[in-house]
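**Student:**
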Amino acid sequence: MRLANVWNLGIKELRGLLRDPILLILIVYSFSLSIYTSAKAMPETLNKAAIAIVDEDGSQLSARIAGAFYPPYFTAPNMISTAEMDARMDAGLETFALTIPADFQRDLLAGRQPVIQLNVDATRMTQAFTGTGYVQSIVTYEVNEFLSRHRDAPQMTADLVLRARFNPNLSQSWFGAISDVITSITMLGIVLTGAALIREREYGTVEHLLVMPVTATEIMVAKIWSMGAVVLLASALAIWVVVEGLLAVPIPGSLPLFIFGTALQLYAITALGIFLATVAGSMPQFGLLLVLVFLPMQVLSGTMTPRESMPEVIQTIMLAAPNTHFAILAQAILFRGAGLSVVWPQLLALAGIGTGLFAFALVRFRAFLR
Amino acid sequence: MTQTPAEGAGTSPPVVQLQGVSLAYGRTEALRDITLDIPAGVMAGLIGPDGVGKSSLLSLVAGARRMQDGQLRVLEGDMRKRSHRSRSCPRIAYMPQGLGRNLYATLSVFENVDFFGRLFGHDRAEREARIDELLRATGLAPFRDRPAGKLSGGMKQKLGLCCALIHDPDLLILDEPTTGVDPLSRRQFWDLIDVIRARRPGMSVIVATAYMEEAARFDWLCAMHDGRVLATGTPQALLERTGEADLDGAFIALLPEALRGAHHAVTIPPREGDEAGYAIEAEHLTMRFGDFTAVEDVSFRIPKGEIFGFLGSNGCGKTTTMKMLTGLLDPSEGRAELFGEPLEAGDLTTRRRIGYMSQAFSLYRELTVRQNLELHGKLYALPPEEIPARVEEMLQRFDLQSVGDSYPHGLPLGIRQRMSLATAMIHAPDILILDEPTSGVDPVARDHFWQILSDLSRGDGVTIFISTHFMNEAERCDRISLMHAGRVLVSDTPEGIRQGAGAETLEEAFIGHLTTASGADPAPQDASEALPLHAARGGAQRHFSLRRMFSYARREALELARDRIRAAMAVLGSVLLMFVVGYGINMDVEDLTFAVLDRDNTVTSRDYVQQIAGSRYFLQQPDLTSYADMDQRMRTGEISLAIEVPPGFAADLERGRDVAVAAWIDGAMPMRAETVSGYVQGIHAWYLQEKAREVYGDAAVASAFDLEMRYRYNPDMRSLSAMVPAVIPLLLMLIPAMLAALSVVREKEMGSIVNLYVTPVTRLEFILGKQLPYVIVAMLNYLVLVVAAITVFGVPISGSFATLTLAALLFTLASTGFGLVMSSFMRSQIAAIFATALLTMIPSVQYSGMIDPVSSLEGGGAVIAQVFPASYFVTIARGVFAKALDLTSLGPDVLALAVIGPAMILLSTLLLRKQEK
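Which chain is which? The protein sequence lines are A and B, in order.
Residues 607 to 976 (this note's numbering) make up the first sequence, in order.
Residues 4 to 920 (this note's numbering) make up the second sequence, in order.
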């Protein structure tokens, strides 16, 4: 392998990219506006959960309970009637509907243990899960406050002091921003190398290269370094300008270490892109293949839902995908400030998977050129 | 031409009238103020070098390109007026430059012609009759079911002619129809045109050509140069005017002085035969691709410095032989030697001695001429300090200085061929292998090119191995070989071959050899057969024609059906993804790791910890030893929860003193942290209650009230029940959009988009026709997904299936429409793929309500959710699956989809152009 060839062919790739302004705009968009918008759109844990209250009691206490729900966690409650409730929940207008029965306050004071009913739209998974806990503790707090002025009871007290580390407010946008960066890195890595290779074949320029004293390895390495460099630069800028700057996400870890990890991820992903291009016969097939490969890799990488909650089999299979390791690495470095001593297994795994994919893609690429 | 039907030429009004027509691409002027009348009812030829504006002129006349300056009247109407264009386009047939450029490679011969027949509104019986006749007349009938992509160049052109003639045009426009076609096919092609003209004497034909011997047979000629008209008139008149014997000479004489000065007839001095040794020796080369033998037992020896010509019909194995000699292909049998050394594919040192120029232009469009040359110089490892000088030398030698900094895309073919030769020569190779280097190049440029070859061969001793379709070029070779169907028929000097065949010219000798070998009749079969004379033009004027729409739908569907891998991926892929996403996106957080820093270490504290460890949510890890240890282990992600029990916990709790347990949660993943915090709080409260019960008895812990939870629609809080209905919209967005995303942009890249420009099809018919097959595939997808949801995932439909299906139909209209918007807007397939993936995946995962409800989104995301169709379909799918709803309660959402779908179609129609800009 001659490094000069690799360098010159890579420069050619970069020049080609510069000639496609729409593609350049899309790259910039995917690393800036796309990340920014989706991070800003992410609700902060429980945000504006829609709640309705059916107040059949109309007492001082029921008014206190209704008054305890307010933004940002909840929307100001809609006061509705029992008759309206079903229709409104069916239409998805509210996630929660709290029914305070008639004579609730009187029964409570008389010690008759009245029942408050909370209807939860359980199809809205995240909000239903976290919101229920909030509603429960708000109602309990209000009732206990009310009662404490009326009677005394022995209590077992022990506080639980909860602190969230690395992201004290559990801000979703921090997490969302990083997982979007990972999405863009992966998608671009595959598209820029893979689709570009198919285009070269459709135009016949790959074949032309082969009559020259250039080896398949040189062509492939040139594609990997040049497109990898573009994505690496874009992702570094995204982390620095968009994530750390505009979104004001504090990053305790070492950026150079993260960039190094990204480089390894790109090594694996660009090789994957070339591999997919050799499998797909044409551009339309490549488009579908991209969806079929990218979506599972991203959904199951642990950036959308925790890895722990996936079935064991999937967890094991996904260890073969570079994204899984990259997601772990990114979270460790960018949120927990972890250093090399912590993330070296992921770096090693990425390097290993990358080399495996590279070797595999090279074999396919040689056959593809025949 | 043998007929002379030109008697009406002077009397009827001109078929095409140009008045001050100019056309520019950016800063490049293609046509400069052209005023010209092309007579009707004759065979009119446009001649001139490449890049003088012949193709631009023809595309304007065909209505394929938008007018800029001047007036253009075609068939007695103004081409600027849309109404005239749509009225006259059924009367015009246009065959663009390039072999089979407006054909569809995966469709069969019959299907291609049939597609055009449908576009022009013929009914079934008439279509079949006409196609039969046309195929028989062109000799394509035996290949009726062969895909167009697998035809030879000559057959492709005949097929193109069939497609052009299906609707009996009054004006036939052919842009270099015989470029790159072998002599036999070329002769057959013109004979066919003669037959057609004999049947339809009123038809006007305009042809652009680079072959002067063909132009000599036309009725009327227009010589063009540099965007201007040099001269018009009959071939005879042009010859008389210039006093030249042939048109080649006449054309050169017509050129401005400055250009003519550089030209002189090519003379190749005889080769001095003293050089010993062979440059190329090939013995029994055979190449098989599967069952097909492309090259069979080919042997030849080419001495150093010889110009060796390779002739033969299209697809006869010339290119394959050349590829074996360059090391691009390993022969199945036989061997080849270069300068006495065996040739092996992958051997880099021999590649440095070869310069190869492939048939298709294969240099980088994204690099300038100079950059291309520099890149090649570097790749051939020329010493860096020599490269600039060498590049300048090449630019000068091949007369490329003026275009050094241009991109090849906009350059005329002749210049691009020179540029290819310059790059093939940059490293001063000993052997040049040139595959049809002069196809489509004008006579002046060709002579120039041959002068260079002559200098290289005789001056520098370079061995040249060249394939060509031009007979006057073949005559210049030292020796030639004629190939047919993978075999060499004859190999000798040009003169030897002519005499051997007893023919007058080399061309006739060749046609004789080819005819004998192929057993084909050189004249078109059934030439006497009458072609129908009157065209059915029903439907052409209508604003919207279902027939034309279905014509495109059929074409698209056939293409999809041929590509089995793609069709299978589209349908089965979605089921696969449903599994992955359905099981993968799981909100039930379990098996969370935690560790304890127990500073109390009493029975009570251990009991407290046991409560957590005992729950199914948590897995206990070895105890923490210190804060530092906790910090380290949280940082690595080993534990997601750390509990610190303070000293004196048991005692304080017993005495009712304030005591606090501390819990640290890993907040890196907020959703998981929320769940952990909920679990810990619950366990903590339960522990206290149990403790109170132990100490004070049941009465004390009886709560003041009960909070009764009703988890509606999904009583078990199963993640799957909530996710599966939301996954259907996700998949019906991604896959149909990706299917449709390439449909238009691919035609743009391949060139067949020209059919939209020049046929009566409207933009809306085009878009809807393309969309229809993908909507059907998407609905199939939908059914498969619903069945999988019910049977495999056990998520039943509780509401109205009809409502869901209606919504799915509207939704797939929107998702395929979204793909078409991308496809109409983008210019390259890569950009279309990337944009579609980016713009469907992120919104449908994040803004559709799949995970976070739409009502809680903020900012730009909330706005996107309002217009993004998936958010409505998620509501509908969940409503029908889980909430037992029907159209009465989902009406507004269905209505929203009913608006978004057509809006997408409208947008993609508006983004599409009916004429090239």
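Glycine included, C-beta positions come from ideal geometry on N, C-alpha and C.
Since this is a predicted model, take the numbers as computed values, not measurements.
I'd like to know whether the C-beta of residue 931 of chain A is nearer than 9 Å to at least one C-beta of chain B.
**Tutor:** no
**Student:** Kindly confirm or deny that the stretch 819-831 of chain A and the stretch 904-916 of chain A touch, where touching means at least three C-beta pairs closer than 8 Å.
**Tutor:** no
**Student:** Which residues mark the beginning and the end of the alpha helix (DSSP H) in which residue 517 of chain B is found?
**Tutor:** 509-521
**Student:** Which two residues bound the contiguous beta strand (DSSP E) that contains residue 295 of chain B?
**Tutor:** 295-306
**Student:** Does any residue of chain A have a CB that is nearer than 9 Å to the CB of residue 94 of chain B?
**Tutor:** no
**Student:** Starting from residue 664 of chain B, follow its DSSP beta bridges and name the residues at the other end.
**Tutor:** A:766.
**Student:** Determine, for residue 320 of chain B, whether the minimum Cβ-Cβ distance to residues of chain A falls below 9 Å.
**Tutor:** Answer no: the Cβ-Cβ gap between residue 320 of chain B and chain A never drops below 9 Å.
**Student:** Counting only beta-carbon atoms, is residue 871 of chain A nearer than 9 Å to chain B?
**Tutor:** no
**Student:** In angstroms, rounded to a whole number, what distance separates the CA positions of residue 93 of chain B and residue 57 of chain B?
**Tutor:** 23 Å
**Student:** Using a Cβ-Cβ cut-off of less than 9 Å, give me the residues of the stretch 305-336 of chain B that come near chain A, in sequence order.
**Tutor:** 326, 329, 330, 331, 332, 333
**Student:** Going residue by residue through the stretch 648-680 of chain A, where are the continuous beta strand (DSSP E) segments of at least 3 residues, counting only ones entirely within it?
**Tutor:** 657-661
**Student:** Under 7 Å Cβ to Cβ from residue 730 of chain B, same chain only, skipping five residues before and after it: list those, please.
**Tutor:** 581, 584, 585
**Student:** What's the C-alpha gap between residue 953 of chain A and residue 836 of chain B?
**Tutor:** 30 Å
**Student:** With contact counted as at least three CB pairs below 8 Å, one residue from each stretch, are the stretch 558-572 of chain B and the stretch 782-789 of chain B in contact?
**Tutor:** no
**Student:** Tell me which residue opens and which closes the alpha helix (DSSP H) that residue 165 of chain B is part of.
**Tutor:** 156-168
**Student:** What are the start and end residues of the alpha helix (DSSP H) that includes residue 357 of chain B?
**Tutor:** Here residue 357 of chain B belongs to no alpha helix (DSSP H); instead the beta strand (DSSP E) covers 357-360.
**Student:** So what does residue 291 of chain B bridge to, in DSSP terms?
**Tutor:** B:296
**Student:** Taking the alpha-carbon positions, what's the residue 957 of chain A to residue 924 of chain A distance?
**Tutor:** The C-alpha of residue 924 of chain A is placed about 16 Å away from the C-alpha of residue 957 of chain A.
**Student:** List, in order along the chain, the chain B residues whose C-beta lies closer than 9 Å to that of residue 850 of chain A?
**Tutor:** The contacting residues do not exist; residue 850 of chain A stays about 16 Å from chain B at best.
**Student:** Count Cβ pairs between the stretch 653-672 of chain A and the stretch 710-728 of chain A that sit closer than 8 Å; are there 3 or more?
**Tutor:** yes
**Student:** List the residues of chain B whose Cβ lies closer than 9 Å to the Cβ of residue 622 of chain A, in chain order.
**Tutor:** 367, 368, 369, 370
**Student:** Between the C-alpha atoms of residue 786 of chain A and residue 932 of chain A, what's the straight-line distance to the nearest angstrom?
**Tutor:** Cα atoms of residue 786 of chain A and residue 932 of chain A: separation of roughly 13 Å, rounded to the nearest angstrom.
**Student:** Should residue 832 of chain B go down as buried or exposed, given a rule of 16 or more other Cβ atoms within 10 Å for buried?
**Tutor:** Its Cβ being crowded by 16 or more others within 10 Å, residue 832 of chain B is buried.
**Student:** Does DSSP put residue 383 of chain B in a helix, a strand or coil?
**Tutor:** Coil at residue 383 of chain B, not helix or strand.
**Student:** Using the beta-carbon count (16 or more within 10 Å), is residue 287 of chain B buried or exposed?
**Tutor:** exposed
**Student:** Just confirm the distance between the C-beta atoms of residue 469 of chain B and residue 312 of chain B, as a whole number of angstroms; I'd bet it's less than 8 Å.
**Tutor:** 6 Å
**Student:** State buried or exposed for residue 847 of chain A, treating a residue as buried only when at least 16 other CB atoms are found within 10 Å of its CB.
**Tutor:** That one is exposed.
**Student:** For residue 543 of chain B, count the other beta carbons within 10 Å of its own beta carbon; 16 or more makes it buried, fewer makes it exposed. Which is it?
**Tutor:** A caution first: residue 543 of chain B carries a pLDDT of 48, below 50, which makes its placement in the model too unreliable to give a value.
**Student:** From B:655, B:815, B:813, B:789, pick the residue whose C-alpha is nearest to that of residue 804 of chain B; which is it?
**Tutor:** B:789
**Student:** Report the CB separation of residue 733 of chain B from residue 914 of chain A in whole angstroms; it is logged as a contact under 8 Å.
**Tutor:** Their Cβ separation, rounded to whole angstroms, is 23 Å, which puts residue 733 of chain B and residue 914 of chain A out of contact at 8 Å.
**Student:** Let me make sure I understand the geometry here. Which of A:693, A:749, A:728 has the alpha-carbon closest to that of residue 720 of chain A?
**Tutor:** A:749
**Student:** Ordered along the chain, which non-local residues of its own chain (more than five positions away) have a Cβ less than 7 Å from that of residue 65 of chain B?
**Tutor:** If we look at residue 65 of chain B and ignore the five residues flanking it on each side, its Cβ neighbours are 95, 97, 176, 761.
**Student:** Chain A beta carbons: is any one of them nearer than 9 Å to that of residue 651 of chain B?
**Tutor:** Taking Cβ atoms only, chain A never reaches closer than 9 Å to residue 651 of chain B, which makes this a no.
**Student:** In chain order, what residues of the stretch 724-741 of chain B put their CB closer than 7 Å to some CB of chain A?
**Tutor:** 725, 737, 738, 741
**Student:** Is residue 210 of chain B closer than 9 Å to residue 392 of chain B when the C-beta atoms are compared?
**Tutor:** no
**Student:** How is residue 149 of chain B classed by DSSP in three states: helix, strand or coil?
**Tutor:** coil
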